[in-house]
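Protein sequences appear in the order of chains A and B. Residue numbers for the first sequence, in the numbering used here: 39 to 539. Residue numbers for the second sequence, in the numbering used here: 39 to 539.
2 protein chains.
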Amino acid sequence: MTPQQSYKRLTEILAEIQDLKRAGNVLAWDQFTHMPPQGSAMRGRQLATLGKIAHDMFTSKEVEDLLGAVQAFEKSLDHTSDDACLLANVRRDYEKATKLPSHFVSTLMTHQSQCYDVWVQARAENSFTKVAPYLAKTLELSQQYAQYFKYNHIADPLIATSDEGFTTQTLRGLFGDLKKQLVPLLQEVVAKQKADDSLLKQSFPLAAQEQFSKDLVAAVGYDFTRGRLDTTHHPFMISFAHGDVRITTRYQEHNLSESIFSALHEMGHAFYEMGIAKELDGTLLFDGASSGVHESQSRLWENIVGRSMNFWTFFYPKLVAAFPTQLSGVSLSSFHSAINKVAPSLIRTDACELSYNLHVMIRFELEIQMLEGYLDIKDLPEAWNAAYEKDLGMRPPSDAMGCMQDVHWYGGLIGGQFQGYTLGNIMAAQFYEAALKDLPHLPDDFKQGQFKNLKQWLGSHLHRHGRKFLGLDVLKKATGHTLDIHPYLNYLTGKFLYILE
Amino acid sequence: MTPQQSYKRLTEILAEIQDLKRAGNVLAWDQFTHMPPQGSAMRGRQLATLGKIAHDMFTSKEVEDLLGAVQAFEKSLDHTSDDACLLANVRRDYEKATKLPSHFVSTLMTHQSQCYDVWVQARAENSFTKVAPYLAKTLELSQQYAQYFKYNHIADPLIATSDEGFTTQTLRGLFGDLKKQLVPLLQEVVAKQKADDSLLKQSFPLAAQEQFSKDLVAAVGYDFTRGRLDTTHHPFMISFAHGDVRITTRYQEHNLSESIFSALHEMGHAFYEMGIAKELDGTLLFDGASSGVHESQSRLWENIVGRSMNFWTFFYPKLVAAFPTQLSGVSLSSFHSAINKVAPSLIRTDACELSYNLHVMIRFELEIQMLEGYLDIKDLPEAWNAAYEKDLGMRPPSDAMGCMQDVHWYGGLIGGQFQGYTLGNIMAAQFYEAALKDLPHLPDDFKQGQFKNLKQWLGSHLHRHGRKFLGLDVLKKATGHTLDIHPYLNYLTGKFLYILE
């Protein structure tokens, strides 16, 4: 085979691996949306098999040989071309995957699916002890995962699974700097604000909320011929193909903001995947650059755009039309301050913008302590509650509202699960600042219900690249800057001190 | 490895292959129920990849070697044990699969998915010419499929894919005998009956129909913790696991019987899969014995039970309660004769019991003519219409109601697709006759809304075996008889001459 033929053969194998992974996504989506209760045991096995086969194919002798055979071809490529980036990513993935034995991968996948099922029940019954042995096994597997790699800190290989380029050390420094500035701002705003969000806690019929969420994301630009909006306990975005990127949200009768902002959040994730160049569909570049960059897109649309006065200048009349009894006496400015009310709270996904990162940092530190072996699973609930008391001034009344609230540890690994949310907040402000520099009329666009210009800017500056470049490289390409917390702090200060006035 | 160890390794590989197939089923279910329009292209590729990998794993050198290594172990087994039956089926499947090259399998799967998508559009637009080139390719691939096997008649290998043990010749003989008796009975009943089914053509709101269908199948014994009832254009049953066997139906405002009898039909299929011994879950024995036996279960519940006076003695008051405006003036006996109205019609799935098999026989003969090369795809619409005119006395007003009405050829192969429906009708009567001999109180059970005894009888006499035995062997085991058209003819004659009285 010529190097070109080897490359062609390699891309064929990679395409099949990608198909297996996307098939696994369909099974996972079904598991969370439609699967009958008794389907879960075998579903776990099916997912584990797909993962194991994909892993075996990727770590096969044939792929190793082909990676050797394509070197001459690879050197001839422009290093920003799709092919060069594909190969760079393949080599990085291959390096990691070959360190993990096949039996570890299938043990892990089977365990994750079981642990998830137990968590669903345990959370419903508020019984941490029920899920504790499974979580202990997850911790053990997470530690074992790290052992397959060289590292400075045991959390580093886990962070690298989602935010390559960051380490425990760099993140601790970054989060420390951010926290130092956030806490006083949070305290100042909490002390002075007069926002009242009781108007969002009226009774809002679920069917009308669902209709509004669908209309809203469609109006902002979510293409329903390429996606769906379903209902799940934990909202998520999942992608099967360029033509099939689905989102979910959840509806609570006495919480109007939950469904709206979860939908906008997942829509932001979906815009990213839907914006990846169609030529990359079905390849392993059809993915996001990192957890942080992905999260920046959801937080940008949820918060910077979705909680802005300009956005609701356009959409609030439509919201009032959908809920006339509840909202016809409520002014736009009352609504706007309600959805931006600052207050420490117990649930991360409901947190206000100023306290959100504190939730992330608590989880990040707990992950490290667990991985280091300083925190036993049986002591996790108390450690969680103590951290909330210290940083947010409130203690969860139950583990369901405490350390069992997020799916991440229960359906995945411990370590590397949360830092992306804060990285995303920081990057979102950087991306938006850069977009605004190119398109100063954006705020006016939003007032007119026009989102195409921002969507196109994000599409051409970052979405289209998919996973071609690392997260920090995408940031640099799109904004000209490296990671910087100041645009984010400026955004928060500007917005919340303005609202206080 | 000892022969036992070889057998264990073989079952591990087979379990993974089964997982791939069931994963493919989840993707197919999603494709028909929830997939957004633009998801279809990549879905086709994903399904083809799963099929190809399963095929490659099954036809690998390792499986060949293991099949050799287990021979000593195999000889020591009781030939009706699960292990012996598994190996017998594996050898039969292996024999077939190794005849098909991997590239043929993936070409076929990709084509089937494309052809299905085009058919959906073509049928909606009533444009046979749109789908004709795809169907011509299906025919070519079907003929090519047969060429990989030895055969007496080109349709034989295709019939063997779903009803092993039957040939073109035996089926032609069987169908000829049946037709000879059915046609005069049909003519007699049509001439004499006074049934009026206009009461079923009133306006029945879709939501209420959906609720009634769900309540009905639940009351008969469909377990919603192990399944779902969704809506699709073409109703079907699909199985992912012992704990996840799903059904679909369709709702038409002016056709009450459509949704009810489609739901009962698919419920019958689901009872079969749900009744397979749990020990067989995740193995290739977790399947039906043949298309004919599978169909016998759906037709038994749809017709022999579901269109009986005893069944509706119990359920009719509930139906009237669901649709009081439409049905409160209608007697049970009027309803019963309406749902059993005999009349030739154009759509197979709506056909009355006496004409149903004529629809099957038309398709069976057309398949043979196409495979033999005597009928070109371009001439199919006219051949179809001429056959309907001759055998049923009516000509389809459109190809959508003619040769484009069934999904089978457009999503599968040409050949072996339809004989199972008539075999199923024949066997259903044989199974029911045997059950009634053991449980003479069954008609009274139905009157009381009790279906457990019949379900258990079917479960222990045939469902639990799954795919352990061939269709005709299952029939023999459960009834003590070989295939025989007389119980079916007796059932039809008894029922329809009684209704005439």
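By construction, the Cβ of each residue, glycine as well, lies at the ideal position given by its N, Cα and C atoms. Note that the coordinates shown come from a computational prediction; the quantities given were computed from them, not determined experimentally.
Consider the Cβ of residue i: report whether some Cβ of chain A lies at a distance smaller than 9 Å.
i	result
S140(B)	no
L318(B)	no
L88(B)	yes
L48(B)	no
P75(B)	yes
F70(B)	no
Q84(B)	yes
I91(B)	yes
Put residue i into one of helix, strand or coil per three-state DSSP.
i	result
T145(A)	helix
D116(B)	coil
V283(A)	strand
F204(A)	coil
F349(B)	helix
T87(B)	helix
N293(A)	strand
F456(B)	coil
S300(B)	helix
F324(A)	coil
I314(A)	coil
T263(A)	helix
T40(A)	coil
M465(B)	helix
D234(B)	coil
T269(B)	strand
Taking the alpha-carbon positions, what's the residue i to residue j distance?
i	j	result
T351(A)	L365(A)	15 Å
I523(B)	G211(B)	12 Å
H499(A)	H501(B)	58 Å
A438(B)	Q290(B)	17 Å
H292(A)	K175(B)	56 Å
F578(B)	R264(A)	Absent from the structure is residue 578(B), since the part of chain B shown begins at 39 and ends at 539.
L52(A)	V128(A)	9 Å
V169(A)	K416(A)	10 Å
E236(A)	F507(A)	First, the residue type needs correcting, since residue 236(A) is Ser and not Glu in the sequence shown. Straight-line Cα distance between these residues: approximately 44 Å.
Y459(B)	H332(B)	9 Å
T199(B)	F361(A)	57 Å
E471(A)	P525(A)	7 Å
Could you round the C-beta distance between residue i and residue j to whole angstroms and report it? I think they count as a contact, below 8 Å.
i	j	result
A279(A)	R60(A)	7 Å
I314(A)	G504(A)	4 Å
I285(A)	M312(A)	Incorrect: roughly 10 Å between the Cβ atoms, too far for contact.
F111(A)	Y45(A)	5 Å
R81(A)	M73(A)	6 Å
E54(A)	T87(B)	5 Å
N164(A)	S436(A)	5 Å
L254(B)	F373(B)	Actually they are not in contact, since the Cβ atoms of L254(B) and F373(B) sit about 14 Å apart, beyond 8 Å.
L179(A)	L146(A)	5 Å
Under a CB-based cut-off of 9 Å, is residue i close to chain B?
i	result
P273(A)	no
R81(A)	yes
T64(A)	Residue identity differs from the one stated: residue 64(A) is Val in this sequence, not Thr. Cβ-Cβ to chain B under 9 Å: yes for V64(A).
A170(A)	no
D120(A)	no
Can you determine whether any heavy atom of the ligand MN sits closer than 8 Å to the C-beta of residue i, and answer yes or no?
i	result
G281(A)	Among the components of this structure there are no ligands whatsoever, and the ligand MN is therefore not found.
Classify residue i: buried if its beta carbon has 16 or more other beta carbons within 10 angstroms, exposed otherwise.
i	result
E385(B)	Here residue 385(B) turns out to be Ile, not Glu, going by the sequence shown. Exposed, because fewer than 16 other Cβ atoms sit within 10 Å of the Cβ of I385(B).
P434(B)	buried
E340(B)	buried
F262(A)	exposed
A425(A)	buried
Y172(B)	buried
D282(A)	buried
H397(B)	buried
N378(A)	buried
T118(A)	exposed
N528(A)	exposed
I90(A)	Position check: residue 90(A) holds Lys in this sequence, whereas Ile was assumed. Flag for K90(A) reads buried.
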